[in-house]
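Let me begin by presenting the structure, written as structure tokens, before commenting on it.
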Amino acid sequence: MKTKIAVLVSGGGTNLQALIDAQGKTLLSGQIALVVSNNPDAYALERAKQAGIPTAVVTKKACGSQAAFEDRLKSLLNEHGIELIVLAGFMTILTGSFTSAYPKRILNVHPSLIPSFCGAGFYGLRVHQAALDYGVKVTGATVHYVNEIPDGGEIIAQKAVYIEPGDTPETLQRRVMEQAEWVLLPQAAELVSAGLLAARDK
Ligand code: GAR
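Using numbering that gives the first Met the number 0, read the sequence shown as starting at 0 and increasing by one per residue.
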């Protein structure tokens, strides 16, 4: 049986789309079995529906607390038999009580070369703004395992992207997505998913 993957999202879902496309081209042997958003208006939910993938919305507000939010996520993941969790633009921090339940089974894509421009407060366009403010000439993306330290888990893959004269956070974000994230995330998900399958079938 294929490795069942859940993708957790909050926004546009272009990284989710890269995973869906990889699955369509059989570059992803795992099966995206669930998409969960903490934002009911995320366009990522539409992308999942168009691909026929079950979706769920879980918000901290509705759950009442971080602990209840994480418990709800865990129940959903259990109900769907999820073995691997991919954070693809999931803009909320998960505590150690959640991450320790899935050791080396949660991946995240971050839009910089960790350890630069990462950790609490560095997400989305803010990461690219920080890279431009600092004046680095090279940035990129990182896929890493998720533990209790924000952006602190073991690195799986990285890809560098050049900053160009006149870049804005928006143009840089787009180039990092096109050249790095959309390539790296499906590759890393496949690597980990195939590894889990091999370990299960031993
Ligand atoms: C992506 O650039 C992703 O790396 C970043 O948010 C964007 C989501 O775009 N994630 C973080 O900053 C997490 N710290 P998407 O919804 O189109 O995939």
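We put the CB at the ideal spot given by N, CA and C, even for glycine. Model, not experiment: these values are computed from the prediction.
Please check the pair residue i and residue j, which I expect to be a contact at CB under 8 Å, by giving their CB distance rounded to whole angstroms.
{"i": "L72", "j": "V35", "result": "7 Å"}
{"i": "V182", "j": "L106", "result": "About 15 Å; that fails the 8 Å criterion."}
{"i": "L124", "j": "P168", "result": "4 Å"}
{"i": "E147", "j": "T91", "result": "So it is not a contact: roughly 14 Å between Cβ atoms."}
{"i": "T138", "j": "I162", "result": "6 Å"}
{"i": "L184", "j": "A87", "result": "7 Å"}
{"i": "V108", "j": "E180", "result": "5 Å"}
What residue from the options has the CA that sits closest to residue i's CA?
{"i": "H127", "options": "E177, D166, T13", "result": "D166"}
{"i": "S28", "options": "E189, Y161, K201", "result": "E189"}
{"i": "T13", "options": "N146, A159, E45", "result": "E45"}
{"i": "L7", "options": "Q157, T138, T58, E163", "result": "T58"}
{"i": "T54", "options": "E163, E78, R104, T138", "result": "E78"}
{"i": "L171", "options": "G134, A5, K201", "result": "G134"}
{"i": "A41", "options": "T94, G11, Q49", "result": "G11"}
{"i": "A32", "options": "A21, A43, A47", "result": "A47"}
{"i": "Q178", "options": "A198, Q157, Q30", "result": "Q157"}
{"i": "A50", "options": "G194, L15, L195, N37", "result": "L15"}
{"i": "M176", "options": "A140, D200, K201", "result": "A140"}
{"i": "R104", "options": "M0, H143, A21, D20", "result": "H143"}
{"i": "I81", "options": "I4, A198, L196", "result": "I4"}
Output the distance between the C-alpha atoms of residue i and residue j, rounded to the nearest integer angstrom.
{"i": "Y101", "j": "P39", "result": "25 Å"}
{"i": "T2", "j": "K60", "result": "31 Å"}
{"i": "K24", "j": "S96", "result": "36 Å"}
{"i": "Q65", "j": "G118", "result": "19 Å"}
{"i": "P114", "j": "A129", "result": "13 Å"}
With which residues is residue i paired in a DSSP beta bridge?
{"i": "L204", "result": "Only positions 0 to 201 of the chain appear in the structure, and residue 204 is not among them; the question remains open."}
{"i": "Y161", "result": "V137"}
{"i": "V108", "result": "V142"}
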